[in-house]
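Protein sequence lines, in the order shown, are assigned to chains E and X.
First residue of the first sequence? That's 1 in the working numbering, and the numbers climb one at a time after it.
First residue of the second sequence? That's 102 in the working numbering, and the numbers climb one at a time after it.
Below is one structure, written out as structure tokens; the observations come after it.
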Amino acid sequence: MSSGAAATNGGAFRFAVNVTPKPGILDPQGRAVEASLGHLDVHGVTDVRVGRRVELTVTAGSEAEARATVDRLASELLANPLIEAYAVELLGGVAQLEAAR
Amino acid sequence: MTRIGVVVFPGSNCDRDTLRGLELAGAEAVALWHEVADLDGVSAVVLPGGFAYGDYLRAGVIARFSPVMRSVAAFAADGGLVLGICNGFQVLAEAGLVPGALLRNRGLRFLGRDVRIVAERLDTPFTREVPDRHPLRMPIAHGEGCYYADEESLSALEAEGRVLFRYADGHAAWTGDAESNPNGSLRGIAGVLNAAGNVAGLMPHPERASEAILGSDDGMLILRSLVASAAERTAGMPAVVGAS
């Protein structure tokens with residue numbers, strides 16, 4: 001979506017935080033998924049990594065402020081920086097998301 | 102009598118065993134509720150095993166932010182003795198009070214079985230009663246017990262003498278195989294120390310090996326070490342041995 005009005009005005013913003021195991025960290029869940037692919041007769045799929053996705057709504061004075069809150073939450077709580085990487089994704093302003101529904 | 106606190110989180114399930122083990126070791130053991138920041142004048146704190154806050158998000162992470170943990174962190178920074186067992190180790194690691202992280206077991210399964218561990222350091226508040234090269238038999242019961250730190254950190258931990266316990270075979274040798282190190286911990290690490298040597302985490306359960314009727318009382322060597330060290334602190338004697 002284009003952040004447009006949401007970028008300058010305050011409001012409620014919907015974010016997703018995607019947490020994945022860092023490269024080099026053994027991911028036994030990813031291995032288990034990969035091992036099952038043969039049973040589905042699927043070939044050519046490699047490097048499966050299983051992570052988690054957390055979606056949340058932040059009410060703040062601006063998009064930048066909301067993003068700063070999400071960044072802090074992601075690094076302190078949602079991901080363990082020793083073993084996990086994260087990417088923050090803005091899904092949109094809540095009002096816009098609801099209007100588009 | 103030396104008073105030692107055992108923190109009770111919602112989902113702790115080894116708190117009573119730990120209270121009893123500490124009492125057998127000669128302490129006055131008191132429960133510390135997770136919502137209460139006051140540590141009740143204890144001279145050591147144990148974070149017991151279990152599934153604090155349901156292990157939601159990551160084992161130990163929600164517990165890290167509880168009121169009692171803020172006090173435990175301050176207590177530890179002040180040189181207070183803190184021992185984290187299993188889930189308690191996960192809480193300490195998430196809180197950054199001991200180095201590293203506990204990952205999902207290599208084989209993905211929850212493991213409940215006896216293992217043997219050997220103390221690498223005998224001059225710490227947690228191992229002073231443990232005989233040299235003596236394999237301690239006690240159970241593990243965890244889904245996330247695979248010790249992880251990056252290679253550089255692992256080498257630093259070894260160089261600084263901060264590997265407290267390693268998984269071993271019955272002859273006190275670290276073989277590194279899946280039989281003796283079933284969760285796949287890097288370098289067979291079962292327990293670590295913080296830099297100051299007053300905070301320790303270990304995955305196996307000494308409190309579940311605290312009476313002969315349980316199949317082993319080897320865990321008492323660790324609990325007695327802690328109680329003796331805490332008693333000295335109460336008496337104003339130094340109990341913290343810096344990591345060499």
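Every residue, glycine too, gets a C-beta built ideally from N, C-alpha and C.
Residue from the options with nearest C-alpha to residue i
{"i": "X:Arg121", "options": "X:Leu212, X:Glu333 and X:Met321", "result": "X:Met321"}
{"i": "E:Arg14", "options": "E:Val58, E:Arg72 and E:Asp27", "result": "E:Val58"}
{"i": "E:Leu90", "options": "E:Leu77, E:Leu37 and E:Glu65", "result": "E:Glu65"}
{"i": "E:Ala32", "options": "E:Val48, E:Asp41 and E:Val42", "result": "E:Val48"}
{"i": "X:Leu324", "options": "X:Ala250, X:Ala174, X:Arg229 and X:Gly246", "result": "X:Arg229"}
{"i": "E:Ala79", "options": "X:Val173, X:Gly180, X:Phe166 and X:Arg159", "result": "X:Arg159"}
{"i": "X:Ala310", "options": "X:Pro240, X:Tyr249 and X:Phe266", "result": "X:Pro240"}
{"i": "X:Gly197", "options": "X:Leu212, X:Asp224 and X:Val173", "result": "X:Val173"}
{"i": "X:Arg234", "options": "X:Ser113, X:Val264 and X:Ala273", "result": "X:Ala273"}
{"i": "X:Ala269", "options": "X:Ala132, X:Gly292 and X:Gly316", "result": "X:Gly292"}
{"i": "X:Ala313", "options": "X:Asp139, X:Arg238 and X:Ile290", "result": "X:Arg238"}
{"i": "X:Asp139", "options": "X:Pro149, X:Ser254, X:Ala175 and X:Gly151", "result": "X:Ala175"}
{"i": "X:Val192", "options": "X:Arg214, X:Glu245, X:Leu223 and X:Asp224", "result": "X:Glu245"}
{"i": "X:Gly289", "options": "X:Gly316, X:Glu259 and X:Leu315", "result": "X:Glu259"}
{"i": "E:Val45", "options": "E:Glu34, E:Gly51 and E:Leu26", "result": "E:Glu34"}
{"i": "E:Gly92", "options": "E:Ser62, E:Ser75 and E:Leu73", "result": "E:Ser62"}
{"i": "X:Cys247", "options": "X:Ala279, X:Ala128 and X:Leu133", "result": "X:Ala279"}
{"i": "X:Asp215", "options": "X:Cys115, X:Ser167, X:Asp116 and X:Met304", "result": "X:Met304"}
{"i": "X:His135", "options": "X:Ala128, X:Phe166 and X:Cys115", "result": "X:Phe166"}
Identified DSSP bridge partners for residue i
{"i": "E:Phe13", "result": "E:Val58 and E:Gly93"}
{"i": "X:Phe211", "result": "Beta-bridge pairing links X:Phe211 to no other residue."}
{"i": "X:Met239", "result": "X:Val216"}
{"i": "X:Tyr268", "result": "X:Ile218"}
{"i": "X:Leu133", "result": "X:Val108"}
{"i": "E:Pro81", "result": "Note: E:Pro81 sits in no beta bridge, so no partner."}
{"i": "X:Cys247", "result": "X:Leu204"}
{"i": "X:Gly185", "result": "X:Leu148 and X:Gly302"}
{"i": "E:Val50", "result": "Answer is none; E:Val50 lacks a bridge partner."}
{"i": "E:Pro21", "result": "E:Glu84"}
{"i": "X:Leu294", "result": "X:Ala301"}
{"i": "X:Glu312", "result": "X:Ser317"}
{"i": "X:Ser113", "result": "X:Gly151"}
Partners in chain E for residue i, counting only beta-carbon separations shorter than 8 angstroms
{"i": "X:Glu261", "result": "Neighbours of X:Glu261 on chain E: none; closest Cβ ~18 angstroms, over 8 angstroms."}
Distance CB(residue i)-CB(residue j) smaller than 8 angstroms
{"i": "X:Phe110", "j": "X:Ala153", "result": "yes"}
{"i": "X:Leu182", "j": "X:Ala331", "result": "yes"}
{"i": "X:Gly302", "j": "X:Ala194", "result": "yes"}
{"i": "X:Ala145", "j": "X:Val300", "result": "no"}
{"i": "X:Ala137", "j": "X:Gly106", "result": "In the sequence on display, residue 137 of chain X carries Val and not Ala. Not closer than 8 angstroms, so no."}
{"i": "E:Ala100", "j": "E:Glu55", "result": "no"}
{"i": "E:Val70", "j": "E:Val94", "result": "no"}
{"i": "E:Leu40", "j": "X:Val162", "result": "no"}
{"i": "X:Phe227", "j": "X:Ser113", "result": "no"}
{"i": "X:Glu333", "j": "X:Leu265", "result": "no"}
{"i": "X:Val147", "j": "X:Thr103", "result": "no"}
{"i": "X:Gly281", "j": "X:Arg217", "result": "According to the sequence displayed, residue 281 of chain X carries Ser and not Gly. It is a contact, given that the beta carbons lie within the stated cut-off."}
{"i": "X:Gly180", "j": "X:Ala297", "result": "yes"}
{"i": "X:Ala242", "j": "X:Gly150", "result": "yes"}
{"i": "X:Pro236", "j": "X:Gly271", "result": "yes"}
{"i": "X:Val131", "j": "X:Val169", "result": "no"}
{"i": "X:Val328", "j": "X:Ala164", "result": "no"}
{"i": "X:Arg267", "j": "X:Val231", "result": "no"}
{"i": "X:Leu123", "j": "X:Thr225", "result": "no"}
{"i": "E:Val50", "j": "E:Asp27", "result": "yes"}
{"i": "E:Gly10", "j": "E:Ala60", "result": "yes"}
Listed by chain order, chain X residues near residue i by CB distance under 9 angstroms
{"i": "E:Pro28", "result": "Leu204, Arg205, Asn206, Arg207, Gly208, Leu209, Cys247 and Gly285"}
{"i": "E:Asn80", "result": "Arg159, Val162, Ala194, Glu195 and Ala202"}
heavy atom of the ligand MN below 7 angstroms from residue i C-beta
{"i": "X:Arg205", "result": "Annotation note on the ligand MN: not contained in the displayed structure, which lists no ligands."}
Beta-carbon neighbours of residue i, restricted to chain X and to distances below 8 angstroms
{"i": "E:Leu77", "result": "Leu158, Val162 and Phe166"}
Any C-beta of chain A under 8 angstroms from that of residue i
{"i": "E:Ala32", "result": "The structure shown contains no chain A; its protein chains are E and X."}
Should the region 196-212 of chain X be called in touch with the region 285-296 of chain X, which here means at least 3 C-beta pairs below 8 angstroms?
yes
Counting pairs of Cβ atoms below 8 angstroms between the region 79-91 of chain E and the region 13-30 of chain E, do you hit three or more?
yes
Count Cβ pairs between the region 308-322 of chain X and the region 196-203 of chain X that sit closer than 8 angstroms; are there 3 or more?
no
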